[in-house]
Amino acid sequence: MDNNPGRSAFSRLLLVFDVALSTRAVYGFLKAYFRWRLTRSKDGGAALTASAPAEPRKKVRIYLDGCFDLMHYGHANAIRQAASLGDELIVGVCSDEEITKHKGPPVMTEEERYETVEAVKWVDHVIRGVPYNVTPEFLETLVRDYEIDYVVHGDDPCLDASGRDVYEAVKQAGKFRTIARTEGVSSTDIVGRMLLCTTSHHLPPSRSQSAELDGPEDAQSPAEERPMLTNGPTAKSEQSQQPEQGYQQPRASCFLPTSRRLMQFSSGSKPRPGDRVIYADGAWDMLTVAHIRFLKQCRELGDFLLVGIHDDHAVNQHRGRNYPILNLHERTLMVLSIRYVDEVIIGAPWKVTEDMIKTMNISLVIHGTHYDELNIRDGDDDPYEVPKRLGIFREIPSSSDLSVPKIIERIVRNRERYLERQQRKGTQEARYYADKTHVEEL
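Going by my numbering, the letters in the sequence shown line up with residues 285 to 726, in that order.
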């Protein structure tokens, strides 16, 4: 027994201190243990280690090919769907020789088609001059050189000149994926509109646009009743552009524009404070390389490109015939698919007003130096009078004079071959719609 009370008190203090330290150590251990268990469960059972991080996941690469002749929003939507299936999209574009061999002569040259596809915002890389058939040898090349995981095509059949499925080798290899074909448009239908000179695809004008464009004496006159233009460089082709005898009109367009479709194509971006907003308007009918090069030039002059798209009535009032070949909704989607475009005004006013400039915060209004030779209302007031007065208008040189009339001339020159192709494609499309089943669109 220790008779020293001071030493006894000190011993008791040391004992309490030892217990406190032990308790803290146990608590720290338990805390660390349960934190480890919690992290382990979140990682799907993987224990925490000091090892190197896991290797990054391999990117899924998708391949989509086609002719992409007379590029339209159906092509763009196929590209969009294909891109959604992977991380990178490689698009193969067939050469003129391959298309002529299997389908007949293309309307657009291969260089024009290559450049157009490269401008679509969902495309990561274009392979030029690919074969029409994806043979076992070409599939091996795609896998070896481009690390392609899957090959994609729409749910409509694609046959070569001998009637054989061009994706047979891909399907046998288990690398084929199907996407939904876009309803309401096809190259066959577009050529038919040109050959038949129809305006049934046009959308009715808004009351405000009609009042802006028409005088009181003709405000109610429908576009179909207006005389076709008979002068200009394409007048020699006018008679041949009347409805072809014996030609069956292609299936009527059943394109149903929805807000979902617009959202799928829209970038959803808006100008940031201080951005230089560029405005360019037009019909943008049958979007060509001339349009695309112009849009690229416009985008390089600012931070945000706003594109105005005139409605069908306005275009027809100024160009006559059955223009535009594509209606407002069809043209809008095609413009939105181009990587240089940030936003569009659907049914933009023909004249650029001061109020519009202030509302959209437009810094510069641009037009190309090449004007459509079919403008039949040259006596109208200058649509760019206001931006010119404000000192924010500029013309930039057009790098190409390719226009819708010139495209029609190409078709007229090969009329018989295109009519034969139209009849054949029309039969194939009728068979597709007869046997069609639902495919969920991506």
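Every residue gets a Cβ at the ideal spot worked out from N, C-alpha and C, and that includes glycine.
Paired residues, beta bridge with residue i - DSSP
i    : result
I680 : G652
F460 : V435
D565 : G592
Y347 : I374 and V435
E627 : L590
D449 : L443
H409 : I374
I622 : V404
I646 : V561
Residue i burial status per 10 Å Cβ neighbour count (16 or more: buried)
i    : result
L540 : exposed
Q456 : exposed
P671 : buried
A687 : The question names Ala, but residue 687 in the sequence shown is Ser. It is buried - the Cβ of S687 has at least 16 other Cβ atoms within 10 Å.
V564 : Looking at the sequence itself, residue 564 is Ala, so the reference to Val does not match. So A564 ends up on the buried side.
T572 : buried
P517 : In this prediction, P517 has a pLDDT of 35, which is less than 50 and means its spatial position is unreliable; what the coordinates show is noted afterwards. Counting Cβ neighbours within 10 Å, P517 comes out exposed, since fewer than 16 surround it.
S279 : The structure shown does not extend to residue 279, since the chain spans only 285 to 726, so no value can be given for it.
S621 : buried
P689 : buried
Where residue i falls: helix, strand or coil (DSSP)
i    : result
F588 : strand
D380 : helix
S471 : helix
G358 : helix
V414 : strand
V404 : strand
S543 : helix
E725 : coil
I609 : coil
Cβ-based neighbour list, residue i, same chain, cut-off 7 Å, excluding 5 preceding and 5 following
i    : result
V625 : L579, L589, V591 and V619
V391 : D353, L354, I691, R694 and I695
Heavy atom of the ligand PLP within 7 Å of residue i beta-carbon
i    : result
R345 : Looking at this structure, you won't find the ligand PLP or any other ligand, since it has none at all.
Own chain partners of residue i with C-beta closer than 8 Å, once the 5 adjacent residues on each side are dropped
i    : result
A464 : Q365, G438, D439, V723, E724, E725 and L726
P340 : none
R377 : Checking the sequence, you will find Val at residue 377 rather than Arg. Result list for V377: D349, G350, C351, F352, E394, R397, Y398, V401, V410, I411, R412, G413 and V414, in chain order.
Between the CA atoms of residue j and residue i - distance to the nearest angstrom
i    : j    : result
E614 : R577 : 20 Å
R560 : K554 : 12 Å
F352 : T466 : 14 Å
G388 : C442 : 14 Å
T472 : I374 : 25 Å
E421 : A632 : 50 Å
I363 : Y451 : 17 Å
G586 : I562 : 6 Å
D685 : A598 : 22 Å
Contact set for residue i: own chain, Cβ-Cβ below 6 Å, skip 5 residues either direction
i    : result
K635 : P667
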